[in-house]
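Visitor:
There are 2 protein chains.
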Amino acid sequence: MLSDVMEDYLKAIYQLQRDHDERIKTSEIAEALDVTSPTVTSMLEKLEDRGLVDREKYRGVTLTDEGETVALEVVRHHRLLEAYLTEHLDYDWSEVHAEADRLEHHISEDFEQRVADALGQPTVDPHGSPIPSADLEPPDRPNGESVTEFSEGDIVVVEEVADRDPEVLSYLADHGVEPGVELEILEVAPFGMVTARSSTSEDDVSLPEGVAHHVRVTSPVEAES
Amino acid sequence: MLSDVMEDYLKAIYQLQRDHDERIKTSEIAEALDVTSPTVTSMLEKLEDRGLVDREKYRGVTLTDEGETVALEVVRHHRLLEAYLTEHLDYDWSEVHAEADRLEHHISEDFEQRVADALGQPTVDPHGSPIPSADLEPPDRPNGESVTEFSEGDIVVVEEVADRDPEVLSYLADHGVEPGVELEILEVAPFGMVTARSSTSEDDVSLPEGVAHHVRVTSPVEAES
DNA sequence: GTTTAGGGTTAGACGGGTCTAAAACCGAAT
DNA sequence: ATTCGGTTTTAGACCCGTCTAACCCTAAAC
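Chains as they are written, first to last, in our numbering: chain A, 1 to 225; chain B, 1001 to 1225.
(1) Please classify R1141 of chain B as buried or exposed, where buried requires at least 16 neighbouring CB atoms within 10 angstroms.
(2) Cβ of M1006 of chain B less than 9 Å from any chain A Cβ?
(3) Give me the Cα-Cα distance between L1052 of chain B and G67 of chain A, rounded to the nearest whole angstrom.
(4) Quick one: residues in its chain with C-beta nearer than 6 Å to the C-beta of V115 of chain A, no 5 flanking neighbours on either side, listed in chain order?
(5) Which stretch, first to last residue, makes up the alpha helix (DSSP H) that contains I1029 of chain B?
(6) Does the Cβ of H20 of chain A have 16 or more other Cβ atoms within 10 Å, making it buried, or fewer, making it exposed?
(7) Taking only the alpha-carbon atoms, compute the straight-line gap between V1124 of chain B and E1160 of chain B and give it to the nearest angstrom.
(8) Verify whether the separation of the beta carbon atoms of V217 of chain A and F150 of chain A is less than 9 Å.
(9) Spatial neighbours of H213 of chain A within its chain, please: C-beta separation below 7 Å, excluding the five flanking residues on both sides.
(10) Here's the rule: buried if 16 or more other CB atoms are within 10 angstroms of the residue's CB, otherwise exposed. What is K1011 of chain B?
(11) Under 9 Å, do T1062 of chain B and R1023 of chain B count as touching if we go by C-beta distance?
(12) Express the C-alpha separation of E209 of chain A and M193 of chain A in angstroms, rounding to a whole number.
(13) Taking only beta-carbon positions, decide if L1033 of chain B is within less than 9 Å of chain A.
(14) Cβ of E82 of chain A less than 9 Å from any chain B Cβ?
(15) Measure the C-alpha to C-alpha separation of A245 of chain A and Q17 of chain A and round it to an integer number of angstroms.
(16) According to DSSP, is R23 of chain A part of a helix, a strand, or is it coil?
(17) To the nearest angstrom, how far is the alpha carbon of Y1009 of chain B from that of R1164 of chain B?
(18) Provide the residue span of the alpha helix (DSSP H) that contains D101 of chain A, from first to last.
(19) When you compare the CB positions of R76 of chain A and I131 of chain A, do they come within less than 9 Å of one another, or not?
(20) Please list, in chain order, the chain B residues whose beta carbon lies closer than 7 Å to that of A118 of chain A.
(21) At a cut of 8 Å, does the segment 105-120 of chain A reach the segment 173-191 of chain A through at least three beta carbon pairs?
(22) In angstroms, rounded to a whole number, what distance separates the CA positions of V205 of chain A and F191 of chain A?
(23) Once you ignore the five residues that flank Q15 of chain A on each side, which residues in its own chain have a CB closer than 7 Å to its CB?
(24) Since R164 of chain A meets chain B, which of its residues come closer than 8 Å, beta carbon to beta carbon?
(25) Measure the alpha-carbon distance for V5 of chain A versus D101 of chain A and round it to whole angstroms.
(26) Residues of the segment 1109-1137 of chain B with a CB closer than 9 Å to any CB of chain A: list them in chain order, please.
(27) Give the interface partners of H1106 of chain B over in chain A, defined as CB-CB distance under 7 Å, in chain order.
(28) Going by the beta-carbon positions, is the gap between V1181 of chain B and P1220 of chain B smaller than 9 Å?
(29) Can you tell which of A:P38, A:K25, A:H106, A:T41 has the C-alpha that lies nearest to the C-alpha of E3 of chain A?
(30) Can you give me the start and stop residues for the beta strand (DSSP E) that D206 of chain A sits inside?
(31) Taking the beta carbon of S42 of chain A as the centre, do at least 16 other beta carbons fall within 10 Å, making it buried, or is it exposed?
(32) Is there a Cβ of chain B sitting closer than 9 Å to that of A98 of chain A, yes or no?
(33) Report yes if the CB atom of T1069 of chain B is closer than 9 Å to the CB atom of L1136 of chain B, and no otherwise.
(34) Is there a Cβ of chain B sitting closer than 9 Å to that of E167 of chain A, yes or no?
(35) State yes or no: is the C-beta of V96 of chain A within less than 9 Å of the C-beta of T86 of chain A?
(36) For the beta strand (DSSP E) containing T1218 of chain B, list its first residue and its last residue.
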C-alpha cells in the first residue's frame, strides 16, 4: 500500500521529531534522505493526502498518529533486524545498519514475529536504541540524555550509541564506548567536544560534537526514573 | 545498477529456460510475472540494451551469459533464503517461497555469505532445488526428471518438488511427497495425472498434471549418473 | 499462394519519484 | 515599514514500469 520510499520519509520524520520536538522542516528531511527540497515537498503532499502527516505550508510537518504508527513499524523492523544480525549472523554492531536499512521494508509480519521470537522479544537493539513494541504504541521518551549535557568529573553509563556510520562505531567500540560501559567525563570543550575515559579502555576518547550528540548516557546515581 | 524488476525478469526467463530449452516467448514471461505483453516487450528492449538477453523480434529471447549470471545470483539468494528460513526461523517449507521472493533482491553479498556459512554451504533448498554455487557457474542439468515420465509399478525417489503454491506444498507434505521419500507409481492417467503411494504415508496421492510436472524424481537403480 | 488467427510490437498515456530553474514566501535586519 | 536572505513551493522535465488500444508479423490452414 505504501511504497518503500514513503516509509523512508515517515521514518526520517519520526527520527527527526525525536531529536528536537518541533515541526520538521523540508530541508531537514532533504538532508536526512539525501534528496532535494522540491522532491521532499512533493512527497509531503502525497503523505498529507494519505493522512500520514500534518502539513502547514512553509512551516514544516509533523506525523499524524497513523504516520507515527507506520514509522514505528519500520523502526521496529530495522532494530529487530539489527539485533538479529548481530546475534545470529555474526555481524558486528558497526556493520549492521546498512543491511537493516535494505531489509526493513521487505519483511512480512510473520518474519518480524519469528525474528522477535528467536531473540526473545528484545527491547533494545545493539546500539542501545529502544525497539518499538509489537503493538506500535509510541514509546516513552528515549533513555538518558546526550553526553554533552554532562560536565567534567561526572561518571555516566552509556545507554545508547545512535550513530549510523560504521567507521565511527568501530572507533567508539575500539575506545570502549558501547552501551553498558561506564564513562568518566574528562572535559567538555566549549565547541561541544567531549573527552572521556571508558572503564573498559586505557586510552581517553574524544568525541567531536556531532558524535557526542549521538551518545546518550544516564547518571548512575539517578539511574531509576 | 539493475532494478529489482529487471532481476525478476531475468530470473523468470532463466526458470522458463530450464523447462523447455527454446527461446522464451513474450507471452510466457507475461504469464509468469503477471504482467501484460507490451510491458514485457519494453522490458526486454531494456535488457537487450544492457546485454542481458539476446532478442529476436517476434521470436522470443534467451539469456546471455551475463544475464544468466544475474539470474543465478538471484536464484542463489532465493534458495539460500528458503533454506535459512526453514532451518533457523522455523518456517515450514510450504511457506517459505513468498518471503524469499520479497527478500531476494535486497540482501548484500555479505549477507548471502553469512547465511551460506550458517547453513554450511548447502547445495539444495528445502524443495530439493539446487542452489547455484557462489561462483555462479551454470549448474548441470537439474536432478531427476518429471514423475510424469514414469509409469505404473515404477519405484522412484523424490528429488525435487518445485511447486510454489503453499497450498499445494502442504497437501503434498501431508501425503508424504517430499524430497527424499520413495514413491510407488500406481497409475499414470492419459491426461497426465499421476497416482502414487509414498513410503511415508498410508494414503494414495493423486497429482494432477500441473502438479506432477513439478515433482522431479530419480529411479533408485540408476541413481548415480 | 492467400488468408487468417493469434501473439508481438508500436504508440501513447499514467503514476511514482526524482531533478533543475524560477517564483513565492517568511522572518529578521534595517 | 521595507528590504533582503534563505527556504519553500511551483512549474516543468525525465526515467521507470506499467497499462490499453491499435497495428503488425508469423505461421499454420486452406
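From the three backbone atoms N, C-alpha and C, an ideal C-beta is built for every residue, glycine too. What you are looking at is a predicted structure, and each value in this text was computed from that prediction instead of being measured.
Guide: The short version:
(1) exposed
(2) no
(3) 41 Å
(4) L80, Y84
(5) 1026-1033
(6) exposed
(7) 9 Å
(8) yes
(9) S146, T148
(10) buried
(11) For T1062 of chain B and R1023 of chain B, yes; Cβs fall inside 9 Å.
(12) Distance from the CA of M193 of chain A to the CA of E209 of chain A, rounded to the nearest whole angstrom, comes to 5 Å.
(13) no
(14) no
(15) Past the boundaries of the shown model lies residue 245 of chain A; chain A is included only from 1 to 225, so the question cannot be answered.
(16) Here R23 of chain A sits in coil by DSSP.
(17) For Y1009 of chain B and R1164 of chain B, the distance between alpha carbons rounds to 17 Å.
(18) 96-103
(19) yes
(20) L1089
(21) no
(22) 16 Å
(23) none
(24) Taking a Cβ-Cβ threshold of 8 Å, none of the residues of chain B is close to R164 of chain A; the smallest such distance is about 16 Å.
(25) It is roughly 12 Å from the alpha-carbon of V5 of chain A to the alpha-carbon of D101 of chain A.
(26) D1110, F1111, R1114, V1115, D1117, A1118
(27) R102, L103, H106
(28) no
(29) A small fix is needed here, since residue 3 of chain A is Ser in this sequence, not Glu. When only C-alpha atoms are compared, the closest one is A:H106.
(30) Contrary to the premise, residue 206 of chain A reads as Ser rather than Asp in this sequence. Here the beta strand (DSSP E) through S206 of chain A covers 204-207.
(31) Exposed is the call here.
(32) yes
(33) Yes.
(34) no
(35) yes
(36) Run containing T1218 of chain B: 1215-1218, per the beta strand (DSSP E) assignment.
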